[in-house]
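Residue numbers (UniProt numbering): 1 to 372.
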């Protein structure tokens, strides 16, 4: 076993947004130190599953809400990697936190803006306002970060195309190295869905036009649309002829290329070779097990070769580079491929199979059709 990608989950938040369905814990400052020790204990138990680590991603939750001393201890004991990303919410990015991250070897921050429209931030139950997003971004720049990603959400109840236009303009004005723009996914049965059900249905009818607007504006601004919801700035060679940086999210590329990864922390998922496991989402159970020197309680799934082949194609089709023929032919039904090519949803190239522009919007449906 030799995973080269490491995910670290810090579940704590100051506040839970209405649309969020991640494994989170609100507040509990007094448990941050104990959680850090448990997390590092799990990492020590699982260290034999890691090879030479290429990327580390610290997600949550809100990692930048984590108690600074505990955060410093965690970061100090993580393996070195060429890309070390931390997720951040704007209201938690003080100058001190930005400096702590940079000094600890973090070289990329994913900042959750979501929208710059105050009324839409209220709908999402976000704490930070538009000025907080900008202030956090500039604090990160001042701390020396030259690789910042901004997250945006579209399809928010009450949002219009004009609102989205302004959000994209506001994001581009900051000149981030990377942008992610996600369709709002509100899970059935949640408080958020109950409160906004009718408007969510109306927004669902607008998603394709929003998607087209996002792609048009961001590619028009010089960003590479390299994955369904992700855009990386394209840099030219430097004055000294330096090789341009590849500003794609390399940790996430590991997922989309179906590479092995290790996840540590409550609720974290790992996939290595033909086995996938998920730590159960109970914080108390996680702390108890690791306090006793045991692995946390988890669900384990064995994956056969056919399943892994299917996943490689399903995930790879999200990217702008074709799925190689040798992988595609092992998983794709030929008759289904012919039909989707005729419908203009899939394209054949000399190197493999890729989704068309419209195919990328309905990518989940297309891949499900291809692989059945």
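No residue lacks a Cβ here, since even glycine has one placed at the ideal position from N, Cα and C.
Contacts around residue i, its chain only, beta-carbon distance under 8 Å, and the 5 residues preceding and following it disregarded
i: residue 95; result: 139, 142 and 143
i: residue 287; result: 31, 34, 35 and 38
i: residue 299; result: 277, 278 and 280
i: residue 81; result: 6, 53, 54, 55 and 56
i: residue 344; result: 356, 358 and 359
i: residue 256; result: 227, 315, 316, 318 and 319
i: residue 235; result: 244, 245 and 247
Whether residue i touches residue j by CB criterion (9 Å)
i: residue 6; j: residue 57; result: yes
i: residue 180; j: residue 221; result: no
i: residue 375; j: residue 309; result: The chain is shown from 1 up to 372; residue 375 falls before or after that span and cannot be answered.
i: residue 153; j: residue 184; result: yes
i: residue 61; j: residue 24; result: yes
i: residue 167; j: residue 225; result: no
i: residue 64; j: residue 97; result: yes
i: residue 275; j: residue 246; result: no
i: residue 54; j: residue 4; result: yes
i: residue 455; j: residue 15; result: Residue numbering for the chain in the displayed model covers 1 to 372; residue 455 lies beyond these limits and cannot be assessed.
i: residue 306; j: residue 296; result: no
i: residue 324; j: residue 291; result: no
i: residue 59; j: residue 87; result: yes
i: residue 145; j: residue 101; result: yes
i: residue 361; j: residue 208; result: yes
i: residue 19; j: residue 186; result: yes
i: residue 337; j: residue 326; result: no
i: residue 206; j: residue 162; result: no
i: residue 304; j: residue 190; result: no
Identified DSSP bridge partners for residue i
i: residue 261; result: 5 and 271
i: residue 225; result: 231
i: residue 349; result: Beta-bridge pairing links residue 349 to no other residue.
i: residue 279; result: 298
i: residue 13; result: 26
i: residue 181; result: 152
i: residue 354; result: 347
Distance cut-off 8 Å: residue i Cβ against heavy atoms of the ligand ZN
i: residue 199; result: In the structure on display, the ligand ZN does not appear, and there are no ligands present to speak of.
Neighbourhood of residue i by C-beta, 7 Å cutoff - its chain only, sequence neighbours within 5 removed
i: residue 363; result: 228, 317, 318 and 355
i: residue 104; result: 72, 75 and 76
i: residue 91; result: 127, 128 and 132
i: residue 375; result: Here the chain covers residues 1 to 372 and nothing more, so residue 375 does not appear.
i: residue 311; result: 258
i: residue 49; result: 1, 3, 262 and 272
i: residue 45; result: 295
i: residue 322; result: 349, 351, 352, 353 and 354
i: residue 93; result: 64, 136, 139 and 140
i: residue 29; result: 67
Beta-carbon proximity list for residue i, same chain, < 6 Å, skipping 5 on both sides
i: residue 339; result: none
i: residue 332; result: 370
i: residue 150; result: 111, 113, 171, 176 and 179
i: residue 270; result: 262, 263 and 277
i: residue 119; result: none
i: residue 122; result: none
i: residue 109; result: 86, 88, 140, 145 and 148
i: residue 130; result: 116
i: residue 182; result: 153 and 229
i: residue 248; result: 226 and 232
i: residue 51; result: 2 and 4
Short CB-CB distance (under 9 Å) between residue i and chain B
i: residue 114; result: Considering every chain present, this structure includes no chain B. It has just one protein chain.
request  = Taking only runs that begin and end inside the region 91-177, name each unbroken alpha helix (DSSP H) of 4 or more residues, in chain order.
outcome  = List check, alpha helix (DSSP H) in window: 95-103, 118-123, 130-142 and 161-174.
Query raised in the report: Can you list, in chain order, the stretches of the alpha helix (DSSP H) that have 4 or more residues and sit fully within the region 310-338?
Result: For the region 310-338, whole alpha helix (DSSP H) runs of length 4 or above, ordered along the chain, are 325-331.
- Can you check the region 48-91 for any alpha helix (DSSP H) of at least 4 residues that lies completely inside it and give the ranges in chain order? The region 48-91 contains these whole alpha helix (DSSP H) runs: 68-76.
Between the region 7-21 and the region 265-281, do at least 3 Cβ pairs fall closer than 8 Å?
Enough Cβ pairs lie closer than 8 Å, so yes.
Do the region 109-119 and the region 149-166 touch if we need at least three Cβ pairs shorter than 8 Å?
A contact is defined here as three or more CB-CB pairs under 8 Å, and the region 109-119 meets this definition with respect to the region 149-166.
inquiry  = Whether or not the region 33-43 and the region 260-269 are in contact is what I'm after, with contact meaning three or more pairs of Cβ atoms, one per stretch, closer than 8 Å; do they touch?
reply    = As far as the Cβ criterion goes, the region 260-269 touches the region 33-43, which means the pair count is three or higher.
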